[in-house]
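These notes concern the structure reproduced below.
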Amino acid sequence: MSDSSLSGEEHKRRKMSLSGTNSIEMRVESLDTTVHSSAPQTTADTDVAMHEENEDVDSDEIKYEKRSRASSSIDIVGKHIQQTVAAVGAAVAAVAAPVLMTASEVVTGKSMDDAFSQSMEGDVNTGTYTRVHLRVKVQSRLGETVHCSGSSFIMGQFNPNESMMLVTTPDEYPYWSTMKPLILPQGVPHCYMYALFSGGVFSSWEPLETERTLTPEGREMTVVEEFGVYDADMQLVRTEEARDRWIVYERKHVEEKVGDSDSIDADTSTGKDCAMNVSISPDKGHGRSSSGGWNMHRSNTQSRQSRYKRFTSQSFRANKAATLFLISYHLPVKVKKHEGKWTATWDPNSLIARSEKTIAESMKVRWVGFVTRSIGQEYGEFTEEDKTEITRILEKMNCLPLFISRELASNHYQGYCKSKLWPMFHNIDILDIYSAVWDQGEVIEWKEEQHNGTWWAAYQEVNQLLAARVSEASSSQDTLWVHDYHLLLFPSYIADLCKKNGSKRPSMVFFLHVPFPTSEIFRELSHGPQLLEGVLKVDVVGFHSFDHARHFLNACKRFLGLSYQSRRGGNLGVEYRGRNVVITISHVGIEIAAIRRALHDPKVQESARKLREKHAGKILIAGMDLCQRLSGIPLKLLAFEQFFSLCPTWKDRVVLVQRCHLSRSRIGDQQHSSTEIRELVNRITDQYGQGVIDYEESDSAFGLLDRVALWLACDILMVTSVREGLNLRPLEYVFCKGEKQQSRAGVVILSEFSACCCVLNGGLRINPWNIAEVVNALDHALTMSDEERLGRRARDLPYIMSQPASSWTRQVLGVLQEATENEDDQEYTDMEYTDMEIGRSHVLRIGERSDFKQLNIKRVLQTYTSSRRRLFFLDYGGTIIARENISMYVKRDFTAVTGRTPSSRMLEALKRLTMDLRNTVFIISGVSQRNLMGALGQMDGLGLVAQNGLLMSWPARDTKTTLREWQHDNVLFDWEAVREVADPIFKVYSSRTNGSVLRYSDQSIAWNFRSTDPEWGLMQANSLHSDLEEVLRDLPVTIVRKKGFLEIVPEGFSKGVIVRKILEQDAILNCGHPDFLFCIGDDTTDESMFRSIYDYYAERSEESLHDGNATLRAAGGRPASMEATLLLKDDALRHIFTCTVGKKPSHAHLYVNDVDDVENLLDTLATS
């Protein structure tokens, strides 16, 4: 007699009579019957009672449902035990004890009620899945087919091209069903919609106001619904129909018949009455809804409606308990000693100084930086008494000062920062720096030693000193905002200190206020990659202009091999070591209140009046610049000279008021520029008169009052910089001119190389190198009507007035808050593979995926320790060993891992895992057998797969065996036909793609473009892929696209195929499936492993997954014994974990950040 033909009691007695059986399921089922026979029915028991009293459902289905509930959540049984332990007596207590022990193993340190609540919420970290069948009623027309697409990758991320097609038959029509079940994480809400295709082409989505929502539960379920009919109030109601071994739900509106759920008499309720009222809704049953529920829909809708409000300055929410550290090389204060006493005031010219409506009014802020004296100043080093007094004064201003020697400060600031980084970041070639006319007396060899020796050491030391001090003063809940190129290494030193101390790193922002160089210039920096990686340790990197951000992203791509994406809200993101570093572009504005006060200052008005009187009756053209070559002052003078040459009548009506600041930061450049400017001024004034140019130089910086006085007096502002970072003077000028009623609006002639050019749309843009263009712009400005002047000012005024430093600060902090506090609600798409679909834009949603979370080691460990048999699939390169970053300028091999081995800790973790006889561990890689054996061949208990499945070696459990046995797929493939059509194409692309390499092997043809120009190589690879698909479509080969190369392989050779093969053979060898399956990888080729696991799970019947005899029968094997069968049912394929390395679009449901996280995970599991 078969086991399934026994009655419930006979089946139970027969199982109990088997000696030596440790089946948890047997104890759970016996206990379940006892509990239901002795305890009053509760709401949670109603659905079980329904089937017990329904004669149409046979005992096997009842038992299967009980087993499903017991195995999916043993905690439920634990809760029943707590409620009835007093009534059932000693017999039940004896059965309950081991069940409680098992439950405590699963949820260590938590109460049963907590475990129950947690299990109901759903978490992909539990590794439990539901096989979901969809059945939809559609009155389709001839030639139409029905598809379904949803939020998960398995359903195509709402991309019609990746959607799942449903099928129907004449008997089933108008109902369309999925061909195979969807494998969805249990308890995790999932959004989806149906779509119509006509003639195989996407036609339209179903007409719904919101996406459908489904929360899978149990091991298998069928959902029946109607096309185009859905709203948030609809619920999934269990029907009386049960197909094979799963429950059928129908989506419908349910009317509330009973107002008070507490008034229901569970003892007198019949099964059919319960069946009509049982639905999965937010207010009944388990407290959640299979349809998502109205509350979930409302919260999702509100979230989507307000998502873009997060990116405004008003969205920032200050944390009262946290401190914002504003970190710069120079403290934004002016420290002076007068009559033996030190005084300190805020520097009004500093962007980060305390200002009106400052962020310091809503949260704690501390300013950190150095107080220095440069070599050459009249004062000596600070004494200890000076340092103590200055520190005391600055602490009252919430400033944390640091002091360094004048020599160190000079080597860091005047040396590496001002003499190397500053010109190079302004796109000055290193040869131009070494060959500067003002340094002709120095030998290049001396400069090289300075730049990469003394100066570089000083730069590192200053960054380390500052990082150490900030690390002491800050905590993990604080925010660090680092400013400018003086501190590029600071974030990496902070991260290293936090890692060393075992503490969480504070959230960090880095903002660059100067341009970022092109990759051609940046590559000349000896320590360029180190500087880049230093910056990328933060959460947000900020720039004032997209040009600067674009160069930074290009450098990341070319020198570190990183990719970038666009993110929701208009920001960008760089993938770095498993993190998505946000790149934001935000140009700061001016302090309107301070400027308005200056406009009404009598001293300012008097200075402006005197300047006008000095040049009475003339049009004044203002110029205020640093005295340096990059300011383009000589170009301005040359254009002015040519203007007088072409229009001599203007020489008595126009005057150039040029003011130059001698900053003394780059003495050689300053002196040479000053000499050149004076020569040009003298030449022009000698020819056209002394009154055409009013030129002055100043050793002190021009304060706000000085600037406003000049703006009021002058009619035109002329900026001809050839390289420039942040410059707010044009914004000040636009605001000042026309602010007072009697004041005429001004005109700005603005260099296109200026950063503020991107925000001033009303200015006259010029290329200062094009003298004729500058002359024409000057003529236009001089003859411009008042109406046009006002119109141009009106264009720029709204932006100028809306972005003061306080708002800009909050806006950037809001971006940081969005990036760090809402990591689970992000959306970004790879900029290189943007795809737009008809009727719906397709973006790769990451954060909105509720089925994609960061791996929780504790949750995985709980499942691991309670499992009986485990199977691991581990990728090699990028997973257990870090890949090398692909640099354009350094040649790499095909895998970027050759010659290196995993860390000793990783090797020890793998060794421990393989020593546990319950574990079967496979390393699946595309590298050669030789490389894989060299790195891991010494571990006999480790299964190895080389060349994507061409060679496979099973773990050796027999310690007597000394030689590893390899299974070689001796498929003889004829490459002649492939090469005949592919070789001409490969040769064309190789000849025009410098750096590409073509490699032939017995099992593949690969075209490597890792060492090509990243952008050109990618364009060529996309084109090559299309051309190869066209000519190879009739041949039995597959084109595999990986990061850095294209490969042609025979059909059937992929990681996904080998994973399926191992699963099938493992099930036969062990008479069933493991109850713990873990698969992890980092590359596109690893996605086939994840898909293969889901397909394997979906294509097997529920019986074969949980019945060892069915597995053996399917494979043609001999049925197992009764004892073995009972054990096999506990070894069901119950927990599946798919994990990717790095947070990115993936078919996996979990992610870890990097190889270090993989190492921590495997070490934790191995030592448990």
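Residue numbers 1 to 1168, in UniProt numbering, belong to the letters of the sequence shown in order.
C-beta atoms are modelled at their ideal positions from N, C-alpha and C, and glycine is treated no differently.
Rounded C-alpha distance that separates residue i from residue j
| i | j | result |
| --- | --- | --- |
| Ser925 | Lys1042 | 13 Å |
| Leu1063 | Val1158 | 23 Å |
| Ser204 | Cys757 | 44 Å |
| Glu225 | Arg131 | 17 Å |
| Val1155 | Lys911 | 17 Å |
| Phe153 | His190 | 11 Å |
| Leu778 | Glu520 | 34 Å |
| His672 | His551 | 30 Å |
| Gly502 | Thr222 | 48 Å |
| Asn580 | Pro506 | 16 Å |
| Asp978 | Trp1007 | The sequence given here places Val at residue 978; Asp does not occur at that position. Going from the Cα of Val978 to the Cα of Trp1007 covers about 14 Å. |
| Lys320 | Lys1144 | 33 Å |
| Leu1161 | Arg992 | 45 Å |
| Val921 | Arg1010 | 31 Å |
| Asp1163 | Met906 | 7 Å |
| residue 1169 | Ile1039 | The requested residue 1169 does not occur in the structure, where the chain is confined to residues 1 to 1168. |
| Pro1074 | Leu855 | 21 Å |
| Ser291 | Asp123 | Summary for Ser291: the model assigns pLDDT 33, below 50, so the residue's position carries little reliability, and this model does not support an answer. |
| Ala353 | Met363 | 15 Å |
| Ile1005 | His513 | 48 Å |
| Trp342 | Asp669 | 33 Å |
| Thr388 | Val335 | 13 Å |
Terminal residues of the beta strand (DSSP E) in which residue i lies
| i | result |
| --- | --- |
| Gly573 | 572 to 576 |
| Ile621 | 619 to 626 |
| Thr584 | 579 to 585 |
| Leu1042 | Correcting the residue type first, residue 1042 is Lys in the shown sequence and not Leu. 1037 to 1042 is the extent of the beta strand (DSSP E) around Lys1042. |
| Ser198 | 190 to 198 |
| Arg567 | 564 to 567 |
Where residue i falls, given that 16 or more other Cβ within 10 Å makes a residue buried
| i | result |
| --- | --- |
| Leu712 | buried |
| Ala1166 | buried |
| Ser645 | exposed |
| Val201 | exposed |
| Val1152 | buried |
| Asp686 | exposed |
| Met624 | buried |
| Gln938 | exposed |
Cβ neighbours of residue i in the same chain (closer than 6 Å, five flanking residues each side left out)
| i | result |
| --- | --- |
| Phe643 | Val775, Leu778 |
| Phe973 | Pro1050 |
| Ser665 | Lys418 |
| Ala622 | Val657, Leu710, Cys714, Leu717 |
| Ser563 | Glu575 |
Rounded Cβ spacing between residue i and residue j (contact assumed at less than 8 Å)
| i | j | result |
| --- | --- | --- |
| Ala457 | Leu497 | That belief does not hold up - the Cβ atoms of Ala457 and Leu497 are roughly 19 Å apart, past 8 Å. |
| Tyr129 | Ile183 | 5 Å |
| His147 | Pro181 | In fact, because the Cβ distance is near 16 Å, the residues do not count as touching under 8 Å. |
| Gly750 | Leu764 | Just to set this straight, residue 750 is Leu in the shown sequence, not Gly. Yes, they are in contact, since the Cβ atoms of Leu750 and Leu764 sit about 7 Å apart, within 8 Å. |
Residues near residue i in its chain [Cβ-Cβ closer than 7 Å; skip 5 each side]
| i | result |
| --- | --- |
| Thr358 | Ser806 |
| Ile800 | Gly589, Ile590, Leu731, Val734, Phe735 |
| Phe1053 | Asn948, Gly949, Leu950, Gln1003 |
| Ala819 | Asp539, Val540, Val582 |
| Ser850 | Val188, Pro189 |
Cβ-based neighbour list, residue i, same chain, cut-off 8 Å, excluding 5 preceding and 5 following
| i | result |
| --- | --- |
| Ala495 | Arg505, Lys537 |
| Thr518 | Asn427, His551, Asn554 |
Span of the alpha helix (DSSP H), counted from its first residue to its last, around residue i
| i | result |
| --- | --- |
| Gly1081 | Premise fails: Gly1081 lies in the beta strand (DSSP E), 1076 to 1081, not in any alpha helix (DSSP H). |
| Leu861 | 857 to 866 |
| His780 | 771 to 783 |
| Lys911 | 904 to 915 |
| Gly558 | Contrary to the premise, residue 558 reads as Arg rather than Gly in this sequence. Element bounds for Arg558: 546 to 560. |
Chain D contact for residue i (CB, 7 Å cutoff)
| i | result |
| --- | --- |
| Arg792 | Among the chains of the structure shown, chain D does not appear; only one protein chain is present. |
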